[in-house]
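Sequence order for the protein chains is A and B. Residues in the first sequence are numbered consecutively from 45, following this note's numbering. Residues in the second sequence are numbered consecutively from 45, following this note's numbering. Idealized CB from N, CA, C, for every residue including glycine.
Number of protein chains: 2
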Amino acid sequence: MGLQQTFKALSDPIRREILNMLKKGPLSAGEITEHFPVTAPSISRHLSVLKQADLIRDTRNGKFIIYEINTSVLEETILWVVDLKGVDENVEKKQI
Amino acid sequence: MGLQQTFKALSDPIRREILNMLKKGPLSAGEITEHFPVTAPSISRHLSVLKQADLIRDTRNGKFIIYEINTSVLEETILWVVDLKGVDENVEKKQI
DNA sequence: TTAACAATTAACCTAATTGTTAATTATATT
DNA sequence: AATATAATTAACAATTAGGTTAATTGTTAA
Numbered sequence: 045m046g047l048q049q050t051f052k053a054l055s056d057p058i059r060r061e062i063l064n065m066l067k068k069g070p071l072s073a074g075e076i077t078e079h080f081p082v083t084a085p086s087i088s089r090h091l092s093v094l095k096q097a098d099l100i101r102d103t104r105n106g107k108f109i110i111y112e113i114n115t116s117v118l119e120e121t122i123l124w125v126v127d128l129k130g131v132d133e134n135v136e137k138k139q140i
Numbered sequence: 045m046g047l048q049q050t051f052k053a054l055s056d057p058i059r060r061e062i063l064n065m066l067k068k069g070p071l072s073a074g075e076i077t078e079h080f081p082v083t084a085p086s087i088s089r090h091l092s093v094l095k096q097a098d099l100i101r102d103t104r105n106g107k108f109i110i111y112e113i114n115t116s117v118l119e120e121t122i123l124w125v126v127d128l129k130g131v132d133e134n135v136e137k138k139q140i
């Protein structure tokens, strides 16, 4: 349930961009929607996919629903990709 | 064209498993197919997706087409995810 | 309590993905 | 040359994904 949902969530460019936006700080659904040329319901579903993957968390604040990023899930993802690459990080750094 | 195709390719469990198999060494399409409960044409398309993402390379050897992993593409992916996580690798290592 | 606003859910459509079987291509063997 | 083997491509069916508009749910403010 973990890696699969994470990769699926990351496989869409709008969702990746949303995560990049939230990296700078929490935003409401409306603020997120403004940045994209698609409708609010469409963004709402993207948010729902990210939430199911536990990449974002939401809290209601009055009329607004505020989204923030949750990076803890990415730990597993990084480990998986780095392991696939099969690289000792230190060797990697020496090469650069 | 880079990140997008990589994430799309990694978003399918069969394709991730194929990469894990190839991590241990090159394999023919047939050998890969044997490990999954789907038909050869289905695996062939998965291989084609991985190839388009440049995550694998193929060379014909007689009747066989041999696939091997290409991890260089993963560099960009790792950088992207690590940057999203916003973690200084050293801090990370100290915490563990 | 009614009106307005923020956001989600519902219903629907189209495009992309994934799987199958059948046909094709390329190579090797007899 | 004919046959067998390895793999891909073509054609089709079923499912999933992503977009839209319309309807619904929460919350605030008049």
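Helix, strand or coil at residue i [DSSP, three-state]
| i | result |
| --- | --- |
| B/L99 | coil |
| A/N105 | strand |
| B/S88 | helix |
| B/S72 | strand |
| B/V82 | coil |
| A/G130 | coil |
| B/K138 | No answer about B/K138 holds up, because its pLDDT of 45 lies below 50 and its placement is not dependable. |
Integer-rounded CB distance, given that residue j should sit under 8 Å from residue i
| i | j | result |
| --- | --- | --- |
| A/I113 | A/L63 | 6 Å |
| B/S88 | B/A73 | 6 Å |
Contact test: residue i Cβ vs the ligand ATP heavy atom, cutoff 7 Å
| i | result |
| --- | --- |
| B/S88 | As presented, the structure is devoid of all ligands, the ligand ATP included, so that no description of it is given. |
One or two residues paired with residue i in a DSSP bridge
| i | result |
| --- | --- |
| B/E26 | The structure shown does not extend to residue 26 of chain B, since chain B spans only 45 to 140, so no value can be given for it. |
Counted within 10 angstroms of its Cβ, other Cβ atoms place residue i as buried (16 or more) or exposed
| i | result |
| --- | --- |
| A/H79 | exposed |
| B/A84 | exposed |
| B/F51 | buried |
| A/T77 | buried |
| B/L123 | exposed |
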